[in-house]
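Colleague:
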Amino acid sequence: MAGRVRPMSATTAETAPRGGEWVYEVGWGGVRVLVSTDGGEPTVLTRRGRDVSAWFPELSGFAEAVAGAVPVTLDGELLVVDGTATDPGPVEARLRMSAATAAREARRRPATFTVYDILCHRGRDTRGFAWEHRRTVLERLDLSGPAWGTAPVADDPDEARRLSDEYGRDGIVAKRRASTYHDRRTRDWVAVRHRHVAQLVVGGWWTAPEGTALLVGERTDDGLVHRGSVRRGVDAVPDLAVALDGLDRTESPFRGRKPSGVGRAHWVDPLLPVEVRHGGIDPGGLLTDPELVRVRIDLL
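Residue numbers (this note's numbering): -4 to 295.
(1) Contact between the segment 83 to 90 and the segment 102 to 109: three or more CB pairs below 8 angstroms?
(2) Near W126, what residues of its chain come up, given a Cβ to Cβ distance below 6 angstroms and the 5 sequence neighbours on each side ignored?
(3) With 16 as the cutoff for other CB atoms within 10 Å, does A11 come out buried or exposed?
(4) Return the Cβ separation of L114 and V0 in integer angstroms, given the expectation that the two are a contact with Cβ distance under 8 angstroms.
(5) Is the separation between the beta-carbon of L281 and that of V271 shorter than 9 angstroms?
(6) Let me know the secondary structure DSSP gives P268 once reduced to three states.
(7) For the segment 221 to 259, which segments carrying the alpha helix (DSSP H) assignment without a break, of at least 4 residues, lie completely within its bounds, in sequence order?
(8) Return the chain-ordered list of same chain residues with a C-beta closer than 7 angstroms to the C-beta of Y162, the five sequence neighbours on each side being excluded.
(9) May I have the straight-line CA-CA distance separating F57 from S48, to the nearest angstrom?
(10) Pick helix, strand or coil for E36, following the three-state DSSP scheme.
(11) Just list the alpha helix (DSSP H) runs in the segment 11 to 75, keeping only unbroken ones of 4 residues or longer that don't cross its boundaries, in chain order.
(12) With distances taken Cα to Cα, identify the nearest neighbour of G218 among R129, R130, R190 and G251.
(13) Three-state secondary structure (DSSP) at V288?
(14) Check whether the Cβ atoms of R226 and A203 sit closer than 9 angstroms, and answer yes or no.
(15) Give me, in chain order, the residues of the same chain whose beta-carbon lies closer than 8 angstroms to that of V237; leave out the 5 immediate sequence neighbours on both sides.
(16) Determine the direct distance from the alpha carbon of E286 to that of S159, and round the result to whole angstroms.
(17) Taking the continuous alpha helix (DSSP H) assigned at S4, which residues delimit it?
(18) Helix or strand or just coil, what does DSSP make of A155?
(19) Going along the chain, which residues of its own chain have a beta-carbon closer than 6 angstroms to the beta-carbon of H189, five neighbours each way excluded?
(20) In its own chain, which residues sit with a C-beta less than 8 angstroms from the C-beta of R156, not counting the 5 before and 5 after it?
(21) Helix, strand or coil: how does DSSP classify D77 here?
(22) Kindly indicate if chain B contains any beta-carbon less than 9 angstroms away from that of E127.
(23) Around the C-beta of E59, are 16 or more other C-beta atoms found within 10 angstroms, so that it is buried, or is it exposed?
(24) Determine whether the beta carbon atoms of W201 and A260 lie at a separation below 9 angstroms.
(25) Do you know how far the Cα of V67 is from the Cα of D33?
(26) What are the residues that DSSP puts in a beta bridge with V132?
(27) Just list the alpha helix (DSSP H) runs in the segment 147 to 197, keeping only unbroken ones of 4 residues or longer that don't cross its boundaries, in chain order.
(28) Under 9 angstroms, do V263 and L235 count as touching if we go by C-beta distance?
(29) Restricting to Cα atoms, I'd like to know which of A186, V232, G212 and W50 is closest to G223.
(30) Considering only the beta carbon of each residue, do E72 and Y19 sit closer than 9 angstroms?
(31) Just the C-alpha distance for D277 and P254, rounded to the nearest angstrom, thanks.
In structure tokens form, the structure reads like this:
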């Protein structure tokens, strides 16, 4: 069934709807997958239908966990869990590896399948049932294993926001209790991002596949801490190249090892202050979904 279904998507909003007809989940921001099994090894398909089953061998025991429900198809996201915090980055990186390399990475940093919907149960299509009914069926599976679990839900958006902060994520999703499952974007699911603003400095830049990206950092008592690579919004800031002119240096200004995954970086003295909007800080200390707002000329 999973190969014939596209995952349901949420619309976005600035604030979450409230009322008894809604329920709330953490916006995980992970790699969206549909996982199905008919008793054998599970099939793992991405949002676009790519079969990545071999990339996630940690799900090999999943068929036994849902043995009484097969054929079954479940909707959810893959993330790496570190304590209570979750991080989609290692999963996204794994998808760019060969299957053999991904299998080795799975042993080092296993992914977790966080399940939040059920589309087929014992061969019966459940998409036409209300979310509330599907959730009851899902909870009866009692999914709790070494690499899978059922996503928590809350009756109040403020409680969902607390859970979002606890897991290190940057948003929530409101779902209408009566909503059926559609393989398209719908207003019955509403995603709300929690945005933060950070005052940082530029420590370098590099040419990313999408264009120029800034390497930004936060000044601390122990030196300049790397907070990530910012691409979005860079093209909209005028005279950025002029502002960086004359600041070149040969060594990284960041504390510790050179930032990874940034290609050939051009380092600059960390003198240019910038304002960056973001969704939070991941377990590795990097900003999630960063966007350059402006250069703080007023602080120069």
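Cβ coordinates follow ideal geometry from the N, Cα and C atoms, glycine included.
Modeller: Inspection of the coordinates gives the following:
(1) In short, these stretches touch, since the Cβ pair count reaches three.
(2) Leaving aside the five residues that flank W126 on each side, the residues in its chain whose CB is nearer than 6 angstroms to its CB run, in chain order, K170, R172 and S174.
(3) With 16 or more Cβ atoms within 10 Å of its Cβ, A11 is classed as buried.
(4) A Cβ-Cβ distance of about 6 angstroms is found for the pair L114 and V0, placing them in contact under the 8 angstroms criterion.
(5) In this structure, V271 does not lie closer than 9 angstroms to L281 by Cβ.
(6) Three-state result, P268: strand.
(7) Runs of the alpha helix (DSSP H) inside the segment 221 to 259: 235 to 239.
(8) In the same chain as Y162, and ignoring 5 residues on each side of it, the C-beta atoms closer than 7 angstroms to its own belong to V21, T79, A80 and T81, in chain order.
(9) F57 and S48: Cα-Cα distance of roughly 12 angstroms.
(10) Correct three-state label for E36: coil.
(11) Taking 4 residues as the shortest admissible run, the segment 11 to 75 contains the following complete alpha helix (DSSP H) segments, listed from N- to C-terminal end: 57 to 60.
(12) Closest option to G218, Cα to Cα, is G251.
(13) Strand, per DSSP.
(14) Yes, they are a contact pair.
(15) Cβ neighbours of V237 beyond the five flanking positions: none.
(16) Using only the alpha carbons, I get a separation of about 20 angstroms.
(17) Counting along the chain, no alpha helix (DSSP H) covers S4; the unbroken beta strand (DSSP E) around it starts and ends at S4 to A8.
(18) Correct three-state label for A155: helix.
(19) D165 and G166.
(20) Excluding positions up to five away in sequence, the list reads I167 and H189.
(21) Reduced to three states, the DSSP call for D77 is strand.
(22) In the structure shown, chain B does not exist; there is a single protein chain.
(23) So E59 ends up on the exposed side.
(24) If you check the CB distance, W201 and A260 come in under 9 angstroms.
(25) The straight-line gap from Cα to Cα measures roughly 7 angstroms.
(26) According to DSSP, V132 bridges with nothing at all.
(27) With a minimum length of 4 residues, the continuous alpha helix (DSSP H) runs that stay inside the segment 147 to 197 are 152 to 161.
(28) No. Outside cutoff.
(29) The candidate whose alpha carbon is nearest that of G223 is G212.
(30) Cβ distance not < 9 angstroms, so E72 and Y19 don't count as in contact.
(31) If you draw a straight line from the Cα of D277 to the Cα of P254, it is about 15 angstroms long.
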